[in-house]
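If you're matching positions, the sequence shown starts at 1 in the UniProt record's numbering and goes up one per residue.
For each residue, glycine too, the CB sits at the ideal point set by N, CA and C.
In this text, all values refer to a predicted model and were calculated from it rather than measured experimentally.
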Amino acid sequence: MKKYFFIVNTVAANGASLKVWDKVKKELDLQQVNYRSFFTNSEKHAVELGKQIAAIHEEQIEAIVAVGCDGTISEVINGVCGSSVTIGYIPAGSANDFCRGFHIPTSPKVALRNILMKRKSITKIDVGRFKLGERSKPLYFVNSLGVGFDAEVSKKVNQSKMKRYFNKLKLGPFVYLGAILNQLFNYKPCSMDVEIDGSIHHYKNVWFVTVSNQRFYGGGMRISPQASPFDGLLNVTVVHHFSPFKLLLLLGTVYMGKHTLFKGVDSFKGKEIRILPETKLPLHADGEFIGSSPVSISIEPKKVRLICRSKR
């Protein structure tokens, strides 16, 4: 009999994932579901757990289910990419951009119910693939990859000693707001080349470039309103030639997806992208700081089997 394998992030959302897991476990035991659970004990541990479970137990797997935040599902997918296992997700975080972009219920109870259904809605989804250098190992992202200002903000937030304290008080967005305001007047836009399917675009005064697999990032911002994780393409957004005050106004419109109407916001679609700044810039993948530019990115169509509702 096939089993469900749950990977629980023990630190996601300041331990909220453990509270979610307690409820999930009670329901699993009540329904006498055949399952095993594994718990992370360090950063990137979910990658290794996913890889090991997929390699050792592939024929026994009904699904590998990530319990945590967007970073948790991103790590699990990095671990299982290349296998044929089915992935499920039970959210325990607050951003929930993965849920928004892949049509997964934000209610853990409803998400679990969909995962346990005999006739699951399973869809093959696209993922983004990236390399930081010629010799580096390729990695994957499911939501977005960013270069520049937004990556610097992510880096500062993740380094902040106040993040954990504010999150406990459910005031996490204020940490991001503080980092954004700080970087608005400290970050220096620069020149860069953005190559999309062999066509090179030269830019000056670039604040950031975002490569999106789906529409949402940053806790509900519609950074790329036309992006779809089912179309075999990546969407590129370049933000350039803005003053700090105008950029702050722009960021307020991203939640509605209206930023694309501004002059200085360019949008493209493509399968292979290279981002080549004149100086090294920070990078984030799915909201996590990953290193510095340059970076090469490509789409991997229908790479992962995900329990979700396909909406094209």
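Any chance the CB of residue i is under 7 Å from a heavy atom of the ligand ATP?
| i | result |
| --- | --- |
| D22 | Of ligands this structure carries none, so the ligand ATP is not represented either. |
Between which two residues does the alpha helix (DSSP H) harbouring residue i extend?
| i | result |
| --- | --- |
| F245 | 244–253 |
| G50 | 45–57 |
| E288 | Here E288 belongs to no alpha helix (DSSP H); instead the beta strand (DSSP E) covers 288–292. |
| N158 | 149–159 |
| T72 | 70–80 |
| N114 | 108–116 |
| V24 | 16–30 |
Which one or two residues does DSSP pair with residue i in a beta bridge?
| i | result |
| --- | --- |
| F39 | V8 |
| C190 | V206 |
| E195 | I200, R274 |
| residue 325 | Because the chain in this structure spans residues 1 to 312, residue 325 falls outside the shown range and cannot be described. |
| G88 | V65 |
| Y217 | M221 |
| F268 | V236 |
Pull up the CB-CB distance for residue i and residue j, whole angstroms please, since I reckon it's below 8 Å.
| i | j | result |
| --- | --- | --- |
| G71 | E288 | 6 Å |
| G101 | R215 | 6 Å |
| D197 | E272 | 6 Å |
| V206 | G148 | 6 Å |
| S42 | E58 | In fact, because the Cβ distance is near 24 Å, the residues do not count as touching under 8 Å. |
| D97 | G291 | Not a contact, Cβ separation roughly 21 Å. |
| I297 | V211 | 5 Å |
| K155 | N182 | So it is not a contact: roughly 12 Å between Cβ atoms. |
| V65 | I90 | 6 Å |
Tell me the DSSP secondary structure of residue i in three-state form.
| i | result |
| --- | --- |
| F262 | coil |
| V211 | strand |
| M256 | helix |
| R222 | strand |
| F102 | helix |
| A227 | coil |
| L145 | strand |
Which residue marks the beginning of the beta strand (DSSP E) containing residue i, and which one marks its end?
| i | result |
| --- | --- |
| P277 | 272–277 |
| I125 | 122–131 |
| K303 | 295–307 |
| F141 | 139–141 |
| H241 | Here H241 belongs to no beta strand (DSSP E), and DSSP marks it neither H nor E. |
| G232 | No beta strand (DSSP E) contains G232, which DSSP labels as neither H nor E. |
| A95 | Run containing A95: none; DSSP gives neither H nor E here. |
| D283 | A quick correction: the sequence has Leu, not Asp, at residue 283. From DSSP, the beta strand (DSSP E) with L283 extends over 282–285. |
When you compare the CB of residue i with every CB in chain B, is at least one pair closer than 8 Å?
| i | result |
| --- | --- |
| D286 | Protein chain content of the structure displayed is limited to a single chain, and chain B is not contained in it. |
> For the segment 109–116 against the segment 241–249, are there 3 or more C-beta pairs whose distance is under 8 Å?
Replying inline: With a cut-off of 8 Å, the segment 241–249 and the segment 109–116 do not count as touching, because too few Cβ pairs lie within range.
>> Closer than 8 Å is the cut-off here; do at least three beta carbon pairs connect the segment 121–140 with the segment 254–272?
In response: With a cut-off of 8 Å on Cβ pairs, the segment 121–140 is not in contact with the segment 254–272, counting fewer than three such pairs.
>> So, does the segment 1–20 touch the segment 30–41, judging by three or more C-beta pairs under 8 Å?
In response: By the Cβ rule, the segment 1–20 counts as touching the segment 30–41, because three or more pairs are nearer than 8 Å.
>> Across the segment 288–308 and the segment 114–125, are there enough close Cβ pairs to call them in contact, namely three or more that are closer than 8 Å?
In response: Contact between the segment 288–308 and the segment 114–125 is present, because at least three Cβ pairs lie under 8 Å.
> Between the segment 275–295 and the segment 178–195, do at least 3 Cβ pairs fall closer than 8 Å?
Replying inline: Taking a cut-off of 8 Å on C-beta distances, the segment 275–295 touches the segment 178–195, as three or more cross pairs fall below it.
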